[in-house]
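Here's the structure we're looking at; comments come further down.
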Amino acid sequence: MSSSSVSIPLIQVDAFASEPFGGNPAAVCVLPAARDAGWMQHVAAEMNLSETAFLVRRPAEASAKAEATVRNARPDFAALRALPARGIMITSRATTPGWDCVSRFCAPGSGVDEDPVTGSAHCCLTPYWSRALGRTEFVARQLSARGGTLRVRLDGDRVKLLGQAVTVLRGELLA
């Protein structure tokens, strides 16, 4: 990157892998302030990972409205489709009892305007929220139209998604 680059905290995770560095590498960058889309795209391209999420810290007085901001966001899917990224996440601390954090995940460039519940996004968000909440297990809520609640656990350098699953397709491969 250019000499005007800043040092940013970076957390790298491997989504859906049983061993470190065996899955889809993703990064979470924690920024002290918002940056322009071009800068974020440059950083994401330089890291060359399957996903890169950028989190911006906001003042404490804004946190009471943060969950509503995530819930009421109106993504411009056409603009997001043009970005060279698999997806975009937005997240905040939750104010609804029973939830610790909330998020949304939009991936119009991958053919999904907004994913209802995204395990890989929560694999990226879990190290950040674990540190921010001061604990390794918590409840996350994805605020898409369908929505879903996930229990997540940071177990060393692994993220575990806990809870119910539903089989939606079953099949056999024939040789």
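Going by this note's numbering, the residue at position 41 of the sequence shown is 1530; the numbering climbs one at a time, nothing skipped.
Where is the CB? At the ideal position from N, CA and C, for every residue including glycine.
As the structure is a prediction and not an experimental result, all values here were calculated from the model.
The beta strand (DSSP E) enclosing residue i, as first and last residue numbers
i       : result
Gly1637 : Gly1637 to Asp1644
Glu1626 : Glu1626 to Gln1631
Val1655 : Taken as a continuous stretch (DSSP letters only), Val1655 belongs to no beta strand (DSSP E), as it is neither H nor E.
Arg1582 : Ile1577 to Arg1582
As assigned by DSSP and simplified to three states, the class of residue i
i       : result
Arg1570 : helix
Glu1535 : helix
Pro1597 : helix
Glu1661 : coil
Arg1647 : strand
Thr1541 : strand
Ala1562 : coil
Ala1515 : strand
Residue i: first and last residue of the uninterrupted alpha helix (DSSP H) it sits in
i       : result
Asp1610 : The sequence shown places Ala at residue 1610, not Asp. Where Ala1610 is concerned, the enclosing alpha helix (DSSP H) stretches over Gly1608 to Leu1622.
Nearest neighbour of residue i, chosen from the options [CA to CA]
i       : options                               : result
Thr1580 : Arg1624, Asp1644 and His1611          : His1611
Ala1621 : Cys1590, Arg1640 and Glu1603          : Cys1590
Leu1719 : Leu1614, Phe1566 and Gln1653          : Residue 1719 cannot be examined here, being either before or after the span of the chain that is shown, 1490 to 1664.
Ala1516 : His1531, Asp1525, Met1536 and Trp1528 : Met1536
- Task: Please determine if the stretch 1589-1608 and the stretch 1563-1581 are in contact, where contact requires at least 3 C-beta pairs separated by less than 8 Å.
- Result: yes
- Message: Using 8 Å as the cut-off, can you tell me whether the stretch 1579-1596 makes contact with the stretch 1627-1635, which would need three or more C-beta pairs spanning the two stretches below that distance?
- Response: yes
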